[in-house]
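*Asks:* Just so we're aligned, residue 669 is where the sequence shown starts under my numbering, counting upward by one.
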Amino acid sequence: MHRVKVRIVEDALDANNTIARANRDDFDRAGVTVVNLMSAPGAGKTTLLERVLGPGLDGVRAGVLEGDVQGSLDADRLAQLHVPVVQLNTDGGFGGECHLDANMVRSALPALDLDALDLLVIENVGNLVCPAEFRVGEDARIMVSSVAEGDDKPLKYPLMFRACELVVVNKVDLLDHVDFELDRYLHHLDTVHPGVATIQVSARTGEGVEQVREWLAALPARVAAERDVGTADAATSAPSGAPV
Ligand SMILES: Nc1nc2c(ncn2[C@@H]2O[C@H](COP(=O)(O)OP(=O)(O)O)[C@@H](O)[C@H]2O)c(=O)[nH]1
Ligand SMILES: [Mg+2]
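See below:
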């Protein structure tokens, strides 16, 4: 019985990965770099996006796919900044899905003008478990982790912290008011994901926000360069006659 259950989960993830690859192909064709933005509920994803995308991203044309169980509160906030935003609700599933999967993102693609974008940020549903398990076709993953959540979280949710390329440590303006030892947190983070990039931010005061803007603005060029290297590697390492 146990074995059957594991198999079903594997099959579901395989099916998800197949659709994620199709999404990725569509994004690549349109030249859009995609970020999967994840966190626990309330860590500050939308506030950070308001701060980062509001002033513009150095000529990078950015849009947002907003994932929520219900409603369009966050999408409405971002639309005020004149950022192209599409809302995706997951409440069609049993009780509302706790993450976006590749098929949900695929269903939203017709509503997105990909040719008008260089960067698409997908704000995932607030959750520290499931979003890390489901690829949606993204190039990079950012996790927002707020100091209000406690410094033990990397140890309790290692997959999420391991799955991302950048950890934004948000709400540092609250450090004096919460039981959060930054050194201990960074040590835990290094234990589960050695060397992962971190930026300490207050989306409220603006501290550190410029670094996040720079990281995001540079991402499309970085992804394009990595793609070129990957293509060249594949072409040079493939045995002759093998498909590349
Ligand atoms: N003190 C403080 N509050 C913040 C910060 N960033 C976000 N918040 C607040 O945290 C709450 C949740 O933020 P929101 O961006 O909606 O989180 P999301 O659910 O991850 O999108 C809101 O009340 C924000 O005003 C921050 O850096 N410092
Ligand atoms: Mg939000």
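Backbone N, C-alpha and C define an ideal beta-carbon position, used for all residues, glycine too. Treat the numbers as computed from the prediction; the structure is a model and nothing was measured.
Could you tell me which of Asp858, His845, Val840, Pro778 sits nearest to Phe829, measuring between CA atoms?
*Replies:* By 1-based counting over the sequence shown, the position of residue 829 is 161. If we check each option's Cα against that of Phe829, Asp858 comes out closest.
*Asks:* Is it buried or exposed, Ser775, if we count other Cβ atoms within 10 angstroms and call 16 or more buried?
*Replies:* As a working mapping, residue 775 is identified with position 107 in the sequence shown. The residue is exposed, with fewer than 16 neighbouring Cβ atoms inside 10 Å.
*Asks:* Does the Cβ of Ala906 have 16 or more other Cβ atoms within 10 Å, making it buried, or fewer, making it exposed?
*Replies:* For the purposes of this step, residue 906 is taken as the residue at position 238 of the sequence shown. For Ala906, the predicted model reports a pLDDT of 46, less than 50, meaning its position is unreliable; a value from the coordinates is still stated below. With fewer than 16 other Cβ atoms within 10 Å, it is exposed.
*Asks:* Between Leu887, Glu734, Ala708, which lies nearest to Pro752 when the distance is taken from Cα to Cα?
*Replies:* Working through the sequence shown from its first residue, we reach residue 752 at position 84. Selected option, being the one with the closest Cα: Glu734.
*Asks:* So, with DSSP's three-state summary, where would you put Gln879?
*Replies:* As a working mapping, residue 879 is identified with position 211 in the sequence shown. If DSSP states are grouped into helix, strand and coil, Gln879 belongs with the helices.
*Asks:* Ordered along the chain, which non-local residues of its own chain (more than five positions away) have a Cβ less than 7 angstroms from that of Met772?
*Replies:* Counting from 1 along the sequence shown, the entry for residue 772 is found at position 104. The residues are Leu756, Thr758.
*Asks:* Return yes when the C-beta of Lys839 is under 7 angstroms from any heavy atom of ligand 2, and no when it is not.
*Replies:* Counting from 1 along the sequence shown, the entry for residue 839 is found at position 171. False, no ligand heavy atom lies under 7 angstroms from that Cβ.
*Asks:* State the Cα-Cα distance for the pair Gly794 and Ala892, rounded to the nearest angstrom.
*Replies:* In the sequence shown, the residue the question calls residue 794 occupies position 126. In the sequence shown, the residue the question calls residue 892 occupies position 224. Roughly 29 angstroms between the two C-alpha positions.
*Asks:* When DSSP labels each residue in this structure, what does Asp783 get in the three-state scheme?
*Replies:* Start at 1 with the first residue of the sequence shown, and residue 783 comes out as number 115. Note: Asp783 maps to helix in three-state DSSP.
*Asks:* Does the Cβ of Thr714 lie closer than 7 angstroms to at least one heavy atom of ligand 2?
*Replies:* Looking up residue 714 in the sequence shown gives position 46. At least one heavy atom of ligand 2 is nearer than 7 angstroms to the Cβ of Thr714, so yes.
*Asks:* I need the DSSP call for Pro911, collapsed to helix, strand or coil.
*Replies:* As a working note, residue 911 is residue 243 in the sequence shown. Legend: pLDDT at Pro911 = 33, less than 50; position of this residue unreliable, value from coordinates given subsequently. Of the three classes helix, strand and coil, the one that applies to Pro911 here is coil, per DSSP.
*Asks:* Going by C-alpha distance, which of Ala900, Glu894, Val877 is nearest Leu721?
*Replies:* Residue 721 sits at position 53 when you count from the first residue of the sequence shown. The option with the nearest alpha carbon to Leu721 is Val877.
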